[in-house]
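Trainee: In the numbering used here, the protein residues as written are 1 to 358. Each residue gets a CB set at the ideal place from its N, CA and C atoms; glycine is no exception. First, the structure itself, so that you have it in front of you.
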Ligand SMILES: Cc1cc2nc3c(=O)[nH]c(=O)nc-3n(C[C@H](O)[C@H](O)[C@H](O)COP(=O)(O)O)c2cc1C
């Protein structure tokens, strides 16, 4: 593939990604095709597939894995397919299989889970810069579409900047920066560091997308103005409120029902659907313990639909006036899609104190 014909950096961002600001994050088992359709309807401009394990994807005997993780359709663009890998040739082989149905291929350098440590990928490659260079460069040299990457930061901003520049020099045409270090996961997540993201943005010549601390629609503009990034990526914010990019807080059952309608037309694993419904309905389930228990056990689409219908509480009236609690989080009724607040004590990115510090 001639590099001359391939759009790069801001040409790629403007022409193919149309200067997008709203990015749906790659999410294992959760940013599947049906979910991408729903998220695009509510404002997601760029969608990532879930992370795909390059080696398993290339294993011809593992067709089940391939169909579980890779499915797309005519309106599923712009689309970025994300892989994890630690072998350049295998990564290229996997990426060549999808390059005609996507707009870029992304390398996952951010996964901090045990499975990534064992499998030697994601954030556990963070210290192997030669290998990362090769992984990105082989895609840059050989694919017809651009390569992008998603990273976590280091504790030291200087190191993060050097790292980001190395990735850019390897040929990445867009970089997503999740502003947390590798150890910040689960209960130890704390807040993402937007200051580091803004430093990376200043240092690079390719588009930079920020990730972390997006609870509400208003956080997106606040993040852009504080960091200068080109766009913002949401994962959990979108799972709990699939309409986050539209600025709406709609009834849980409305979005659940719409998602289920999509799943009727787009074959989707029951496990993915159930996990989505648990998140959409999260604020309501404590009020419907019996339905929560049933949802955990369902094995068929019809059973899920029936539970969702029972959770439909169309008679509820919602007043648009939203008040904040003592930590600065918005108080929504339980039938409205809303972010899952993990740790109010750790601080709210919206609190005044945090804004002044940032
Ligand atoms: C269910 C789930 C699955 C995820 N899977 C991936 C993945 O496949 N690839 C990846 O780079 N990050 C993955 N992440 C991390 C998110 O993309 C994102 O970096 C992180 O959740 C922080 O963003 P947020 O604050 O918007 O949630 C996942 C996160 C969640 C919640």
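Report all residues from its chain with a CB closer than 7 Å to the CB of residue 277; omit the five preceding and five following residues, and keep chain order.
Mentor: 256, 295, 304 and 308
Trainee: Measure how close the beta-carbons of residue 337 and residue 250 come, nearest whole angstrom, since I'm counting them as under 8 Å.
Mentor: 6 Å
Trainee: DSSP three-state label for residue 84, please.
Mentor: Secondary structure at residue 84: strand, using DSSP grouped into helix, strand and coil.
Trainee: Thinking C-beta only, is residue 211 closer than 8 Å to residue 160?
Mentor: The criterion of a C-beta distance shorter than 8 Å is not satisfied by residue 160 and residue 211.
Trainee: Decide if the segment 37-44 is in contact with the segment 53-69; the criterion is three or more beta carbon pairs, one per stretch, under 8 Å apart.
Mentor: no
Trainee: Look at the alpha carbon of residue 70 and the alpha carbon of residue 326, and state the distance between them as a whole number of angstroms.
Mentor: Using only the alpha carbons, I get a separation of about 43 Å.
Trainee: Quick one: is residue 314 buried, meaning 16 or more other Cβ sit within 10 Å of its Cβ, or exposed?
Mentor: Caution is warranted here: a pLDDT of 49 is assigned to residue 314, below 50, making its placement in the model unreliable, and no coordinate value can be reported.
Trainee: Please classify residue 237 as buried or exposed, where buried requires at least 16 neighbouring CB atoms within 10 angstroms.
Mentor: buried
Trainee: Please state whether DSSP places residue 47 in a helix, a strand or coil.
Mentor: strand
Trainee: Tell me whether residue 28 counts as near ligand 1, meaning its Cβ is closer than 7 Å to at least one heavy atom of that ligand.
Mentor: yes
Trainee: Using only CA atoms, which one of 275, 181 and 151 lies nearest to residue 32?
Mentor: Looking at 275, 181 and 151, the one whose alpha-carbon comes closest to that of residue 32 is 275.
Trainee: Going by C-alpha to C-alpha distance, which of 217, 185, 189 and 224 sits closest to residue 199?
Mentor: With distances taken between Cα atoms, residue 199 lies closest to 224.
Trainee: Just how far apart, CA to CA, sit residue 194 and residue 226?
Mentor: 8 Å
Trainee: What does the alpha-carbon distance come out to for the pair residue 233 and residue 24?
Mentor: A straight line joining the alpha-carbon of residue 233 with that of residue 24 spans about 6 Å.
Trainee: Under the three-state reduction of DSSP, which class applies to residue 106: helix, strand or coil?
Mentor: strand
Trainee: What residue from 131, 152 and 30 has the CA that sits closest to residue 170's CA?
Mentor: 131
Trainee: If you measure between the beta carbons of residue 16 and residue 52, is that distance less than 8 Å?
Mentor: no
Trainee: For residue 72, which of 103, 87 and 18 has the nearest alpha-carbon?
Mentor: 103
Trainee: Roughly how many angstroms separate the alpha carbons of residue 265 and residue 272, rounded to a whole number?
Mentor: 15 Å
Trainee: Report the rounded CA-to-CA distance for residue 178 versus residue 207, giving the unit in angstroms.
Mentor: 14 Å
Trainee: If you run the structure through DSSP and keep just helix, strand and coil, what is residue 22?
Mentor: DSSP places residue 22 within a strand segment (E or B) once states are collapsed to three.
Trainee: So residue 238 is in the alpha helix (DSSP H); what residue range does that whole segment cover?
Mentor: 236-240
Trainee: Report the option in 140, 141, 110 and 114 whose CA atom is closest to the CA atom of residue 127.
Mentor: 110
Trainee: Considering only the beta carbon of each residue, do residue 78 and residue 50 sit closer than 8 Å?
Mentor: no
Trainee: Report the three-state DSSP secondary structure of residue 268 (helix, strand or coil).
Mentor: coil
Trainee: When you measure from the CB of residue 269 to every non-hydrogen atom of ligand 1, does any distance come out below 7 Å?
Mentor: no
Trainee: Would you mind listing the alpha helix (DSSP H) stretches within the segment 194-250 that are 4+ residues and don't spill past its ends, in chain order?
Mentor: 194-203, 217-227 and 236-240
Trainee: In angstroms, rounded to a whole number, what distance separates the CA positions of residue 263 and residue 291?
Mentor: 21 Å
Trainee: From the DSSP output, in three-state form, read off residue 299 for me.
Mentor: coil
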